[in-house]
Amino acid sequence: MIIAGVGFQLASFPIAVERGWITRDEARKRVDTILRILASAKTSRKHGMYQHFVDGANGELSGEAYEDVVSTIDSALLFSGCIVASSY
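If you're matching positions, the sequence shown starts at 6 in the numbering used here and goes up one per residue.
Here it is, written out as structure tokens:
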């Protein structure tokens, strides 16, 4: 999966709750799962920035990655999603 997409996903949970698509507790559980996977992964980040491609199951560097590509833009989108989800 592309790490920027994870940021957009995190930012979408408050919208889903407000529109009644999922409960607040369900959103919290999903966000916790995503953040735990990302925090526990060792190969998915360098110097605080995340790789462009990560494995959705374990957060590690994905087999899709042809290079070791750390992305500041993708990391910024991930961090923005984290901020939206945490502030909600």
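The beta-carbon is built from N, C-alpha and C at its ideal position, and this holds for glycine as well. These numbers were taken from a predicted model, which means no experiment stands behind them.
Proximity of residue i and residue j at Cβ, strictly below 8 Å
{"i": "residue 75", "j": "residue 51", "result": "yes"}
{"i": "residue 49", "j": "residue 59", "result": "yes"}
{"i": "residue 8", "j": "residue 83", "result": "yes"}
{"i": "residue 39", "j": "residue 11", "result": "yes"}
Rounded distance between the beta-carbons of residue j and residue i, thought under 8 Å
{"i": "residue 86", "j": "residue 32", "result": "The Cβ separation is near 13 Å, so there is no contact."}
{"i": "residue 77", "j": "residue 54", "result": "6 Å"}
Cut-off 7 Å between Cβ atoms - residues of its own chain near residue i, not counting five sequence neighbours on either side
{"i": "residue 36", "result": "15, 18 and 90"}
{"i": "residue 2", "result": "Given a span of 6 to 93 for the chain in the structure shown, any question on residue 2 remains unanswerable."}
Residue(s) in a DSSP beta bridge with residue i
{"i": "residue 7", "result": "58"}
{"i": "residue 50", "result": "55"}
Residues near residue i by beta carbon distance below 6 Å, same chain, minus five either side
{"i": "residue 92", "result": "none"}
{"i": "residue 80", "result": "54 and 55"}
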